[in-house]
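Peer 1:
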Amino acid sequence: MSLTLADARVVTPEGIHDGWLAIEDGRITHVGHGRAPRAGHSLGGRYVVPGFVDIHNHGGAGGSFPTGDQDGARDAVELHRRHGTTTLVASLVTAAVADLEAAASSLADLCDDGLLAGLHFEGPYISGARCGAHDPALLREPSPREFERLVKAGRGHVRMLTIAPELPGALDTVRAARDHGVLAALGHSDATYEQTLDGIDAGASVATHLYNALPPLGHRSPGPVAALLQDERVTVELVNDGVHVHPAMLRLACSVAGPGRTALVTDAMSAAGMGDGDYELGALRVTVSGGVARLAEGGTIAGSTLTMDVAFRRSVTEVGLTLSEASVAASLTPARVLGLDAQIGSIAAGKTADLVVLTDELEVAGVMRRGAWLTEPR
Ligand SMILES: [Zn+2]
60 MSLTLADARV VTPEGIHDGW LAIEDGRITH VGHGRAPRAG HSLGGRYVVP GFVDIHNHGG
120 AGGSFPTGDQ DGARDAVELH RRHGTTTLVA SLVTAAVADL EAAASSLADL CDDGLLAGLH
180 FEGPYISGAR CGAHDPALLR EPSPREFERL VKAGRGHVRM LTIAPELPGA LDTVRAARDH
240 GVLAALGHSD ATYEQTLDGI DAGASVATHL YNALPPLGHR SPGPVAALLQ DERVTVELVN
300 DGVHVHPAML RLACSVAGPG RTALVTDAMS AAGMGDGDYE LGALRVTVSG GVARLAEGGT
360 IAGSTLTMDV AFRRSVTEVG LTLSEASVAA SLTPARVLGL DAQIGSIAAG KTADLVVLTD
420 ELEVAGVMRR GAWLTEPR
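Just so you know, the sequence shown maps onto residues 60 to 437 in the numbering used here.
#1: Assign P227 to buried or exposed, taking buried as 16 or more other Cβ atoms, counted over all protein chains shown, within 10 Å of its Cβ.
#2: What does the alpha-carbon distance come out to for the pair D290 and D249?
#3: Assess, as a yes-or-no matter, whether the region 324 to 338 is touched by the region 102 to 122 under the definition of 3 or more beta carbon pairs within less than 8 Å.
#4: So who's on the other strand from L245, going by DSSP bridges?
#5: Need the endpoints of the alpha helix (DSSP H) that V191 sits in, please.
#6: Go ahead and pull the three-state DSSP assignment for V315.
#7: Which one of L169, K211, M219, A167 has the shortest CA to CA distance from Y184?
#8: Would you kindly report the start and end of the unbroken beta strand (DSSP E) that includes T144?
#9: Can you say whether H268 is buried or exposed, counting buried as having 16 or more other CB atoms within 10 angstroms of its CB?
#10: Quick check: does the Cβ of S186 come within less than 8 Å of any heavy atom belonging to ligand 1?
#11: Cβ of G78 within 8 Å of any heavy atom in ligand 1?
#12: How is the beta strand (DSSP E) around D419 delimited, first residue to last?
#13: Who pairs with G91 in a beta bridge, going by DSSP?
#14: Could you give the first and the last residue of the continuous alpha helix (DSSP H) run that contains T232?
#15: DSSP three-state call for I259: helix, strand or coil?
#16: Can you give me the start and stop residues for the alpha helix (DSSP H) that H139 sits inside?
#17: Nearest by alpha-carbon distance to D335: which of A244, S348, L102 is it?
#18: Can you look up V107 in the DSSP assignment and give me helix, strand or coil?
#19: Check whether the Cβ atoms of L311 and A370 sit closer than 9 Å, and answer yes or no.
#20: Looking at S150 and ligand 1, is the gap between the Cβ and the nearest heavy atom below 8 Å?
#21: For E181, is the beta carbon positioned less than 8 Å from some heavy atom of ligand 1?
#22: Taking the CB atoms as reference points, tell me whether D134 and T325 lie closer together than 9 Å.
#23: With a cut-off of 8 Å on the beta carbons, I'd call A229 and I222 a contact; round off their distance for me.
See below:
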């Protein structure tokens with residue numbers, strides 16, 4: 060199966076050029092400049108960017124990963140694929156350990172099938188002071204032993220653990236995660252600047268939705284945000300939906316960390332792609348109004364209804380990134396976090412043909428995954 064995509068504006072980490080792509084057996088075999096040497100599928104001068112990589116996502120289209128329900132998870136993946144996400148890590152939320160094991164074991168089947176790129180445990184080892192939309196009654200003290208049970212349930216597919224480094228046992232659990240090839244992400248934490256550095260020194264390398272569920276930046280108490288933003292070992296997740304973080308703070312994060320350490324994520328929950336109404340996130344009830352998801356009790360922000368195409372577009376229109384920078388933050392950086400950047404995350408010869416075609420207004424016009432159109436641009 061070979062295919063030529065012609066008349067494209069190709070977005071790479073280096074810049075944008077008019078050109079064409081050759082695709083064979085699901086891979087990009089050539090990235091050309093100018094006119095294609097043979098007739099192909101014309102993209103009519105539209106942009107082509109690498110498929111988006113979402114490393115923090117709880118569901119969509121009514122499906123919720125934390126329940127472990129496979130049909131719902133398939134619906135969620137399908138929704139996010141239509142919005143350009145070709146690689147997706149499913150995030151669970153705080154729950155009883157047995158429930159987490161059951162959900163992880165069920166979703167591991169979908170990882171085996173290649174539908175999901177891995178699993179992320181957001182909780183239960185997080186701070187009661189910063190638990191956001193996690194049930195405080197189910198939070199637990201970090202335990203390497205117990206965490207190993209969760210890793211085992213995921214059958215080699217657990218990719219990330221969000222943990223608060225100030226909790227007793229947290230640093231040992233960060234080290235245990237690292238030993239199992241699981242990324243430790245610091246978040247939902249009330250840590251000081253120094254406690255955060257201890258977590259990074261122990262091996263943590265991701266900041267779970269920077270700013271959200273963390274103490275704010277303070278000039279005499281810089282807290283976790285300053286530590287996570289400035290440390291070269293850390294990639295920061297940002298939820299760019301216009302609700303979670305003010306654009307000025309997104310600009311600040313991007314200017315300090317650069318697109319190479321910034322990963323756009325959705326933190327989407329089951330209401331993504333659905334209307335306003337009542338939903339659930341783990342054990343908690345969530346009300347979505349005007350597209351904003353909040354806990355029914357207390358009104359705390361509870362995930363988002365964001366999709367990666369919107370996060371990408373907003374990072375250009377509201378934050379001021381170039382298309383290349385936005386593409387790095389939406390694809391290459393999260394791919395690198397997952398250790399998949401040799402295969403996906405940018406448009407280059409040899410990489411998997413995961414592509415998104417975008418209009419001048421940066422709306423999705425087509426999505427290709429592994430060389431096959433999921434949505435064919437016309
Ligand atoms: Zn989340």
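Note that the Cβ used here is the ideal one computed from N, Cα and C, for glycine as well. Owing to the predicted nature of the structure, the values given are computational and were not obtained by experimental measurement.
Peer 2: In short:
#1: exposed
#2: 18 Å
#3: yes
#4: I222, A266
#5: Per the sequence presented here, residue 191 reads as Gly, with Val not at that position. Unbroken run through G191: none, as it is neither H nor E.
#6: helix
#7: M219
#8: 144 to 151
#9: buried
#10: no
#11: no
#12: That residue, D419, is in no beta strand (DSSP E); it is neither H nor E in DSSP.
#13: W79
#14: 229 to 238
#15: helix
#16: 129 to 141
#17: S348
#18: strand
#19: no
#20: yes
#21: yes
#22: no
#23: 6 Å
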